[in-house]
Structures are given as C-alpha cells and as structure tokens.
Amino acid sequence: MLLNADIGKGMRNDAYLVPYLSYANIACGGYFGDVNTIADAIRLAKLNKVKVGAHPLYPDQEHFGRKSNVDF
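Okay, structure coming up:
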C-alpha cells in the first residue's frame, strides 16, 4: 500500500508521520511554507527515503490557502 500526506505545514508531528509515508507533498508558499520549512521537510523525507512533491497554495492564511485573492 502507498501512503501519501501533506507535510511542512508547521505541525510538530511530521517526524512521527514521515517514516510511514511513500510520498510527501511539501507545503510551499501560500498559507504556510518558506525556504526553511521547505528545506526541513525535504531533509526529513530524504532521510526516510520518502518521495516528495510540491503542494503549492494561494497566499491565504485565513482560509488555509484555498482562496485566491484574484478576481477572474
């Protein structure tokens, strides 16, 4: 079974979760994620041989990166 989760969102349980993952989506930008949190999450995934992908979001802290500030 493959297991995927979002990490690097400032939760303190990433180190406990990552060893069980096959893939990790790294929060990058948006409501959470900066160069340091991204690097830390990637290091943690690499240490545990977990494949990574990007989890980009809108810069929207109030709604957890789900709303665009742009009117289309």
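Residue numbers (this note's numbering): 20 to 91.
Note that beta-carbon positions come from the ideal geometry of N, C-alpha and C, so glycine has one too.
The structure presented is a predicted model; accordingly, all values stated were derived computationally and were not measured.
In this structure residue 24 is in contact with residue 43, their Cβ atoms being roughly 6 Å apart against a cut-off of 8 Å. Residue 71: member of the beta strand (DSSP E) spanning 70 to 75, first to last residue. The beta-carbon distance between residue 21 and residue 41, rounded to whole angstroms, is 4 Å. This is short enough to meet the 8 Å contact definition. Counting only residues of its own chain and dropping the five nearest sequence neighbours on each side, residue 74 has a CB closer than 7 Å to the CB of 25, 44, 45, 46 and 47.
Ranking 51, 60, 55 and 54 by CA distance to the CA of residue 35 puts 60 first.
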